[in-house]
Amino acid sequence: MVTNGESKPPVTLSRRAGGPLRQGRVWAVLSSALLLNLAAGSVEAAQCEFSVKNEWNSGFTGEVVLTNDGSTEIDGWNVELNFIDGSNITGAWNTNLSGSNPYKADNKNYNRKISPGSSTSFGFNANKGTSGEPVSSPMLGGICSGGGNGAPVAH
């Protein structure tokens, strides 16, 4: 086997049942482990905070602030929003919004990078699920839930 221009002898591992593993299988296992470690090391997360900036009987203006509390720059982000009360977003700024409860808010080119200790935000107008009721905080996911595709968390 040749890696980075160096010749390496074949590796044979044995297991209790089933005899020796073949070299190709060892490489696949090691490659998978390396890829998992690399992926785990590159997970980016942000502290996210939802707030109501303005409210009226049938709707509200909301804002989500993303703060990079890590030690490396975030380069690209998305936030998933899910309103369990049926509120629906009618317009947004500082984000590319898609979906329809759940919504996905992606960065714009000008706010894709968040340096450690810095923040960015996006805002939106929404109709309440039920007029006259208080605003229900959305479930937040994406970069707000640890960077994975995990379930959104309530804020």
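Read in order, the letters of the sequence shown are residues -9 to 145 in the working numbering. Yeah, the Cβ is synthetic: ideal placement off N, Cα and C, and Gly gets one too.
TODO: Run the CB neighbour count on W67, radius 10 Å, all protein chains shown included, and call it buried at 16 or more, exposed below.
DONE: buried
TODO: State the CB to CB distance for the pair A82 and F114, rounded to an integer number of angstroms; the pair is presumed to be in contact (CB under 8 Å).
DONE: 4 Å
Task: Reduced DSSP secondary structure (H/G/I, E/B, other) of S135 - done: helix
Open item on the list: Which same chain residues end up closer than 7 Å to N86 when comparing Cβ atoms and leaving out the 5 residues on each side of it in sequence?
Closed with: D96, K98
Open item on the list: Check this for me: beta carbons of N72 and P128, under 9 Å apart or not?
Closed with: yes
- [ ] Taking T62 as the reference, give the member of G49, S108, C134 with the closest Cα.
- [x] S108
TODO: Would you mind sorting S48 into buried or exposed? The rule is 16 or more other CB atoms within 10 Å of its CB.
DONE: exposed
Open item on the list: Taking a contact to mean a Cβ-Cβ separation below 9 Å, would you say C134 touches V54 in this structure?
Closed with: yes
Task: Proximity below 9 Å, CB of N78 to CB of S90 - done: yes
- [ ] Using only alpha-carbon positions, find the residue among N58, D65, N44 that is nearest to R102.
- [x] D65
Open item on the list: On the DSSP letters alone, give me the boundaries of the beta strand (DSSP E) that E39 sits inside.
Closed with: 37 to 46
- [ ] Using three-state DSSP, classify N99 as helix, strand or coil.
- [x] helix
Task: Whole-Å CB distance - S111 paired with N84, under 8 Å assumed - done: 6 Å
Task: Residue range of the unbroken beta strand (DSSP E) whose run includes E34 - done: Here E34 belongs to no beta strand (DSSP E), and DSSP marks it neither H nor E.
Open item on the list: Rounded to the nearest angstrom, what separates G131 and T51 at their Cα positions?
Closed with: 19 Å
Task: Neighbourhood of N44 by C-beta, 8 Å cutoff - its chain only, sequence neighbours within 5 removed - done: F50, T51
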